[in-house]
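Going by our numbering, the first residue of the sequence shown is number 267, and it counts up by one from there.
Where is the CB? At the ideal position from N, CA and C, for every residue including glycine.
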Amino acid sequence: MKCIYCGCPDSKVLDSRSTDDGASIRRRRECVACGRRFTTYETIEDTPVLVIKNNGNRQAFDINKVKNGIIKSCEKRPVSMKDIDALAERIRRQVSNSLSKEVTSAEIGEMVMEGLKGIDEVAYIRFASVYRKFQDTSSFIAELQKLLEDNKAGGKEGGGN
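Listed below in structure tokens is the structure:
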């Protein structure tokens, strides 16, 4: 680390401590050339992931928007906030861990639907009806039939929820 006093590119670390919030590390350093001490902070570089909307616009990924959509789908359903938070966190990790710095809103929607399918089928259908923009009852029934077929293939009889 370059010394702030003399510009020497070498310094030694005297002490390292995590900050109170745990988001960074405080390092106390000493310049090998001039002997003066200074403090640096090391933090994780967080490069934002952009979401490509259906109209082509791009905006920063916001897990709160995803979480709010999940909450609306789960209204008046026996789904705990713990389950909602866990699903939102799984989606956030999946988006953050992808090698791409852009993700489509369609990909996020599919992640939410896949997660809701395992939590609550009614919430899944609610989300799907908005996400897939069901135009009539036949498209709604087709989604229900697909869900029933998935349940039979996965060994769930009767839907469970």
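Query: Opening and closing residue of the beta strand (DSSP E) in which T309 lies; Result: R303 to T309
Query: Own chain partners of E296 with C-beta closer than 7 Å, once the 5 adjacent residues on each side are dropped; Result: S277, K278, L280 and R303
Query: Rounded separation between M379 and Q411 - CA only; Result: 15 Å
Query: 8 Å contact criterion, which T305 and R324 should meet: CB distance rounded; Result: Their Cβ separation, rounded to whole angstroms, is 37 Å, which puts T305 and R324 out of contact at 8 Å.
Query: Length of the line joining the Cα atoms of G273 and V315; Result: 35 Å
Query: Close beta carbons around K383, own chain, < 6 Å, minus the five adjacent residues each side; Result: Y390
Query: Proximity of V317 and I357 at Cβ, strictly below 8 Å; Result: no
Query: Where T403 sits in the DSSP three-state scheme; Result: helix
Query: Distance between beta carbons of K319 and S395, contact taken as under 8 Å; Result: About 20 Å; that fails the 8 Å criterion.
Query: Other residues of its chain near A352: CB distance less than 6 Å, five sequence neighbours each side excluded; Result: none
Query: Where the alpha helix (DSSP H) through K348 begins and ends; Result: M347 to N363
Query: Supposed close pair I329, I337 - CB separation, criterion 8 Å; Result: Contact doesn't hold; Cβ gap of about 12 Å is too wide.
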